[in-house]
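Numbering (the numbering used here), first residue to last: 1 to 155.
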């Protein structure tokens with residue numbers, strides 16, 4: 001698993017407080033200093049499962065939030081969620097065009113002024129995709145993908 005490193009400032013004060021020093025008879029010119037100490041936090045970066053098919057592209061510029069491999073019966077389905085700073089409809093249209101250029105055929109599609117949903121099928125894989133305004137971040141696009149073998153989509 002890849003990891004990202006983030007430096008977070010941590011303020012560490014001396015254990016003696018100003019009030020405690022005054023009560024103990026300290027003079028008014030005594031000072032308490034504080035030191036900024038960087039704290040290294042390592043956060044995991046979400047990656048696609050190793051078994052995710054190489055011949056299924058991801059939307060350009062997607063930042064993965066979750067990438068799950070779900071196995072049931074004889075089929076493995078991949079459930080992917082992510083984010084992109086762009087607008088939903090242009091991002092969805094670009095991804096759909098990329099899939100169509102690779103030979104995927106549209107089996108369903110729903111559009112509105114703010115989002116795009118579609119399912120396409122290729123020789124081996126289906127891709128169901130949704131591109132929506134991101135309500136959590138209040139900007140950009142939330143992206144949801146489900147990828148699985150074509151035979152499981154038709155079962």
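For glycine and all other residues, C-beta sits at the position ideal for the given N, C-alpha and C. Remember, predicted model here, so these are calculated numbers, not experimental data.
For residue i: DSSP bridge partner residues
{"i": "residue 145", "result": "80, 129"}
{"i": "residue 118", "result": "109, 129"}
{"i": "residue 66", "result": "81"}
C-alpha gap between residue i and residue j, whole angstroms
{"i": "residue 58", "j": "residue 132", "result": "16 Å"}
{"i": "residue 61", "j": "residue 101", "result": "18 Å"}
{"i": "residue 47", "j": "residue 67", "result": "7 Å"}
{"i": "residue 147", "j": "residue 126", "result": "6 Å"}
{"i": "residue 79", "j": "residue 128", "result": "10 Å"}
{"i": "residue 91", "j": "residue 97", "result": "10 Å"}
{"i": "residue 93", "j": "residue 142", "result": "14 Å"}
{"i": "residue 103", "j": "residue 65", "result": "28 Å"}
{"i": "residue 63", "j": "residue 124", "result": "25 Å"}
{"i": "residue 105", "j": "residue 70", "result": "24 Å"}
{"i": "residue 108", "j": "residue 117", "result": "8 Å"}
{"i": "residue 81", "j": "residue 34", "result": "42 Å"}
Contact belief for residue i with residue j at Cβ below 8 Å, rounded distance in angstroms
{"i": "residue 149", "j": "residue 115", "result": "With 8 Å as the limit, residue 149 and residue 115 do not qualify as a contact, their Cβ atoms being about 26 Å apart."}
{"i": "residue 140", "j": "residue 85", "result": "5 Å"}
{"i": "residue 51", "j": "residue 76", "result": "7 Å"}
{"i": "residue 151", "j": "residue 83", "result": "Their Cβ separation, rounded to whole angstroms, is 31 Å, which puts residue 151 and residue 83 out of contact at 8 Å."}
Residue i - DSSP class collapsed to helix/strand/coil
{"i": "residue 72", "result": "strand"}
{"i": "residue 152", "result": "helix"}
{"i": "residue 38", "result": "strand"}
{"i": "residue 97", "result": "helix"}
{"i": "residue 91", "result": "helix"}
Residue i: CB within 7 Å of a non-hydrogen atom of the ligand ZN
{"i": "residue 150", "result": "For the structure depicted, the ligand ZN is absent and the ligand set is empty, with no information on it obtainable."}
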